[in-house]
Amino acid sequence: MGFNATCTPGFDAAAAMVHVTPEVPALAIFFDPVNIAVQLPPFPGGADVLMRFCRELSREAAKLADYLGNQEGRHALAEGDPDVRG
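Here the working numbering = 1-based position in the sequence shown + 337.
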C-alpha cells in the first residue's frame, strides 16, 4: 500500500514498538493526534524488509535530531529540555 502524508508532531508525540499480536511486532508512531502503525510486510522476507527500513529510519532520524540540536535560536530543543508549552 502506498500513500503520501505530511505530519507534524504535537506536544505529546511519541513512538514505540508494539505487538499487534504476540507474533506480530509493529512500529507505532503517535503524532498527537494522528497515529500510524508500520507492520510486517505480508510476503516472504518481510521481516528483513521491515528491519532494514527501521534501521534506516533510525539513522536518518538521528541525523535530523543532531542537525536540529546544533541549530541556534529558541526553536532548537534537545532531549531533556523543559516543557515549552508555557
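Each residue gets a CB set at the ideal place from its N, CA and C atoms; glycine is no exception.
Query: Straight-line gap, R411 to T343 (C-alpha atoms, nearest Å); Result: Low confidence applies here, because R411 scores a pLDDT of 48, under 50, leaving its location unreliable; read the following figure in that light. Between R411 and T343, the C-alpha separation is close to 24 angstroms.
Query: Straight-line Cα distance separating L387 from F380; Result: 11 angstroms
Query: Beta bridge counterpart(s) of M354 as assigned by DSSP; Result: L364
Query: For Q376: DSSP bridge partner residues; Result: A363
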